[in-house]
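S.K.:
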Amino acid sequence: MIFVTGGAGYIGSHTCLELLTAGQEVVVFDSFCNSHRESLRRVEELTGKPIILVEGDIRDQPAIENALRTYKCSAVIHFAGLKAVGESVEQPLAYYDNNVIGTHRLLAAMASCGLRRLVFSSSATVYGEPQHLPLTEDHPLSATNPYGRSKLIIEEMLHDLYRSDPTWQIAILRYFNPVGAHSSGRIGEDPQGIPNNLMPFVAQVAIGRREQLMIWGNDYPTPDGTGMRDYIHVVDLARGHLKALECLDRPQCFTTNLGTGIGYSVLDVVKSFEQASGRSIPYQLAPRRPGDVASCYSDPSKAKQYLNWAAEKDLLTMCVDAWRWQTQNPNGYQTE
Ligand code: NAD
Ligand code: UDP
Numbered sequence: 000m001i002f003v004t005g006g007a008g009y010i011g012s013h014t015c016l017e018l019l020t021a022g023q024e025v026v027v028f029d030s031f032c033n034s035h036r037e038s039l040r041r042v043e044e045l046t047g048k049p050i051i052l053v054e055g056d057i058r059d060q061p062a063i064e065n066a067l068r069t070y071k072c073s074a075v076i077h078f079a080g081l082k083a084v085g086e087s088v089e090q091p092l093a094y095y096d097n098n099v100i101g102t103h104r105l106l107a108a109m110a111s112c113g114l115r116r117l118v119f120s121s122s123a124t125v126y127g128e129p130q131h132l133p134l135t136e137d138h139p140l141s142a143t144n145p146y147g148r149s150k151l152i153i154e155e156m157l158h159d160l161y162r163s164d165p166t167w168q169i170a171i172l173r174y175f176n177p178v179g180a181h182s183s184g185r186i187g188e189d190p191q192g193i194p195n196n197l198m199p200f201v202a203q204v205a206i207g208r209r210e211q212l213m214i215w216g217n218d219y220p221t222p223d224g225t226g227m228r229d230y231i232h233v234v235d236l237a238r239g240h241l242k243a244l245e246c247l248d249r250p251q252c253f254t255t256n257l258g259t260g261i262g263y264s265v266l267d268v269v270k271s272f273e274q275a276s277g278r279s280i281p282y283q284l285a286p287r288r289p290g291d292v293a294s295c296y297s298d299p300s301k302a303k304q305y306l307n308w309a310a311e312k313d314l315l316t317m318c319v320d321a322w323r324w325q326t327q328n329p330n331g332y333q334t335e
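Below you can see the structure in the form of structure tokens.
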């Protein structure tokens, strides 16, 4: 039985689908502060398998202990957390509370139940301003905002925990830019309000919900002047978690990137999305967004060697799948 915190969210729901498909049983522990029950209902519908759902907050240690014991969980995949960089600057305490204290309580609950197998969602944001590209796992770490700092603190907390008790089995996964949706078009990313991220914003422009894309900066030292990122299909990313779980068959604490290794510019994404949707994406060039880096892409070779995992889906597939999700669910999970 795999215990998935934040399993109703964007990456969590895709991972639950892959886990169930692979024959695992799943308990989702989620407060629904940034997700809908409907995502889990659809995962059940797609797989024909049930998900055990416990509604709760990861800061509620007794509730976690109770669920871990009741369902005899053998591993935890920990997605639950807040993830908006801008919001974290405005509400740092909410981010440290939810992400850092929440993870601390989860780890304490696990320890008290004798469960020491964990996959943690970290982020490429822990690399800060890239000193060299592609980003290898040994690149120096730094954070430029409270969200990133919460991930860094948790990574350090996990290393301390492992040093204190080397029977823990911990995988720290640093995601690059997850995009796209399941190929069924039934589950996908459902941002509340105006999307901060490029791909959901572009999808909403393509469908006519927003007038135009603002491209934040075209004077970066990149081939076309717009920012470059390592976009990774969410289904590839989800599968990386199953590979990480497979590796956690012995005590260790390892860290790996999950990315494709390829950097695409904002204009590359716009062109691919136009091709995928057959719609034009009007855009306007605007000044750089504060805090953005010019380029960020992974060296994916450690994941290849260590997890025997590599991303398979290309940018056009990411856009085709994001577009299918957008057209079938113009208002996200609230469409039905
Ligand atoms: P998401 O917001 O869609 O999912 C997070 C889930 O956690 C939601 O279902 C939310 O309701 C739940 N949650 C939040 N706080 C909770 C709490 N205190 N108790 C219980 N449930 C809680 O986000 P996502 O995109 O699926 O991201 C999952 C994880 O991956 C997060 O930790 C995020 O920081 C990390 N990550 C995401 C990205 C990205 O671009 N999406 C990139 C790097 C890392
Ligand atoms: N971006 C943009 N317009 C938007 C959203 C994003 O030009 O409305 C750019 C942003 O400057 C960056 C890239 O798209 O170069 C990816 O941004 P996103 O927020 O999706 O990811 P992150 O910056 O967190 O890597």
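First residue of the sequence shown: 0, per numbering that gives the first Met the number 0; consecutive thereafter. Cβ atoms here follow ideal geometry from the backbone N, Cα and C, with glycine treated the same way.
Are three or more beta carbon pairs between the region 137-147 and the region 84-104 nearer than 8 angstroms?
M.R.: Touching, per the Cβ criterion.
S.K.: With a threshold of 16 other CB atoms inside 10 Å of the CB of T166, please say whether the residue is buried or exposed.
M.R.: Locating residue 166 in the sequence shown gives position 167, counting from the first residue. Exposed is the call here.
S.K.: Could you check if I171 is buried or exposed, using at least 16 other CB atoms within 10 Å of its CB as the buried criterion?
M.R.: Translated into the one-based positions of the sequence shown, residue 171 becomes position 172. When all chains shown are included, I171 counts as buried.
S.K.: Once you ignore the five residues that flank D189 on each side, which residues in its own chain have a CB closer than 6 angstroms to its CB?
M.R.: Counting from 1 along the sequence shown, the entry for residue 189 is found at position 190. For D189, where only same-chain residues beyond five positions count, the Cβ hits under 6 angstroms are G331, Y332.
S.K.: Within the same chain, show all residues whose beta-carbon is closer than 6 angstroms to that of K312, passing over the 5 residues directly before and after it, in chain order.
M.R.: Counting from one through the sequence shown, the residue named residue 312 turns up at place 313. Excluding positions up to five away in sequence, the list reads H232, D235.
S.K.: Out of K48, V204, I10, E54, state which residue places its alpha-carbon closest to the alpha-carbon of V25.
M.R.: Working through the sequence shown from its first residue, we reach residue 25 at position 26. Among K48, V204, I10, E54, the Cα nearest to that of V25 belongs to K48.
S.K.: For T69, does the count of other Cβ atoms within 10 angstroms reach 16, so buried, or fall short, so exposed?
M.R.: Residue mapping note: residue 69 aligns to position 70 of the sequence shown, counting from 1. Label assigned to T69: exposed.
S.K.: Is any heavy atom in the ligand UDP found nearer than 8 angstroms to the beta carbon of G127?
M.R.: Counting from one through the sequence shown, the residue named residue 127 turns up at place 128. Checking every heavy atom of the ligand UDP against the Cβ of G127, none is found closer than 8 angstroms.
S.K.: By the 10 Å Cβ neighbour count, where 16 or more other Cβ atoms means buried, how is K71 classified, buried or exposed?
M.R.: Walking along the sequence shown from the start, residue 71 turns up at place 72. Exposed is the call here.
S.K.: Counting pairs of beta carbons, one from the region 77-85 and one from the region 116-134, are three or more of them closer than 8 angstroms?
M.R.: Touching, per the Cβ criterion.
S.K.: To the nearest angstrom, how far is it from the Cα of P139 to the Cα of Y126?
M.R.: Residue mapping note: residue 139 aligns to position 140 of the sequence shown, counting from 1. Residue mapping note: residue 126 aligns to position 127 of the sequence shown, counting from 1. Those two C-alpha atoms are separated by around 6 angstroms.
S.K.: In or out: A302 buried (at least 16 other Cβ within 10 Å) or exposed?
M.R.: Taking the first residue of the sequence shown as position 1, residue 302 is located at position 303. Label assigned to A302: buried.
S.K.: Are A321 and V178 close, meaning C-beta to C-beta below 9 angstroms?
M.R.: Here residue 321 refers to the residue found at position 322 of the sequence shown. Here residue 178 refers to the residue found at position 179 of the sequence shown. In this structure, V178 lies closer than 9 angstroms to A321 by Cβ.
S.K.: Could you tell me which of L52, N33, C32 sits nearest to A40, measuring between CA atoms?
M.R.: In the sequence shown, the residue the question calls residue 40 occupies position 41. For the sequence presented, residue 40 should be read as Arg rather than Ala. Closest by alpha carbon: L52.
S.K.: Could you give the distance in angstroms between the alpha-carbon of L257 and the alpha-carbon of S297?
M.R.: Translated into positions along the sequence shown, residue 257 becomes position 258. Translated into positions along the sequence shown, residue 297 becomes position 298. If you take the alpha carbons of L257 and S297, they lie about 8 angstroms apart.
S.K.: Could you tell me which residues DSSP puts in a beta bridge with I193?
M.R.: Locating residue 193 in the sequence shown gives position 194, counting from the first residue. DSSP output for I193 lists no bridge partner at all.
S.K.: So, G226 versus S264, is the Cβ gap smaller than 9 angstroms?
M.R.: Your numbering for residue 226 matches position 227 in the sequence shown. Your numbering for residue 264 matches position 265 in the sequence shown. Yes, the Cβ-Cβ distance between G226 and S264 is below 9 angstroms.
S.K.: Taking the straight line between their C-alpha atoms, what separation do you get for P199 and E44?
M.R.: Reading the sequence shown from its first residue, position 200 is the one you call residue 199. Reading the sequence shown from its first residue, position 45 is the one you call residue 44. Between P199 and E44, the C-alpha separation is close to 24 angstroms.
S.K.: Pull the bridge partners of T255 from the DSSP assignment, please.
M.R.: By one-based count along the sequence shown, residue 255 stands at place 256. DSSP, once it has assigned bridges, lists L172 as partnering T255.
S.K.: Where do the ends of the beta strand (DSSP E) carrying M213 lie?
M.R.: For the purposes of this step, residue 213 is taken as residue 214 along the sequence shown, with counting starting at 1. M213 -> beta strand (DSSP E) spans 212-215.
S.K.: Would you check whether the ligand UDP has a heavy atom nearer than 8 angstroms to the C-beta of N195?
M.R.: Numbered from 1 along the sequence shown, position 196 holds the residue referred to as residue 195. Yes; taking the cut-off as 8 angstroms, the Cβ of N195 has a heavy atom of the ligand UDP nearer than that.
S.K.: Exposed or buried, what is R115 when buried is set at 16 or more other beta-carbons lying within 10 Å of its beta-carbon?
M.R.: Sequence index remark: in the sequence shown, residue 115 carries index 116 (1-based). Buried: at least 16 other Cβ atoms inside 10 Å.
S.K.: For F378, which of helix, strand or coil comes out of DSSP?
M.R.: Outside the displayed span of the chain (0 to 335) sits residue 378, for which this structure offers no information.
S.K.: Using only the heavy atoms of the ligand UDP, determine whether one of them is closer than 8 angstroms to the beta carbon of T225.
M.R.: Within the sequence shown, the letter at position 226 stands for residue 225. Flag set: Cβ of T225 near the ligand UDP.
S.K.: Flag S111 as yes when its Cβ comes closer than 8 angstroms to any non-hydrogen atom of the ligand NAD, and as no otherwise.
M.R.: Locating residue 111 in the sequence shown gives position 112, where the first residue counts as 1. No - the ligand NAD has no heavy atom lying nearer than 8 angstroms to the Cβ of S111.
S.K.: Please state if the CB of A293 and the CB of E17 are separated by a distance shorter than 9 angstroms.
M.R.: Against the sequence shown, residue 17 aligns to sequence position 18. Against the sequence shown, residue 293 aligns to sequence position 294. No, the pair does not count as a contact, with Cβ atoms beyond the cut-off.
S.K.: By alpha-carbon positions, which one of H181, V268, T316 ends up nearest to I10?
M.R.: Position 11 of the sequence shown, counting from 1, holds the residue named residue 10. When only C-alpha atoms are compared, the closest one is H181.
S.K.: Near L130, which residues of its chain fall below 8 angstroms by C-beta distance, leaving aside the five closest residues on each side in sequence?
M.R.: Residue 130 sits at position 131 when you count from the first residue of the sequence shown. The question names Leu, but residue 130 in the sequence shown is Gln. The residues are H138, P139.
S.K.: Tell me the residue span of the alpha helix (DSSP H) that contains V269.
M.R.: Position 270 of the sequence shown, counting from 1, holds the residue named residue 269. Taken as a continuous stretch (DSSP letters only), the alpha helix (DSSP H) holding V269 covers 265-276.
S.K.: If you draw a straight line from the C-alpha of I63 to the C-alpha of L306, how long is it?
M.R.: Looking up residue 63 in the sequence shown gives position 64. Looking up residue 306 in the sequence shown gives position 307. Cα to Cα, I63 sits roughly 28 angstroms from L306.
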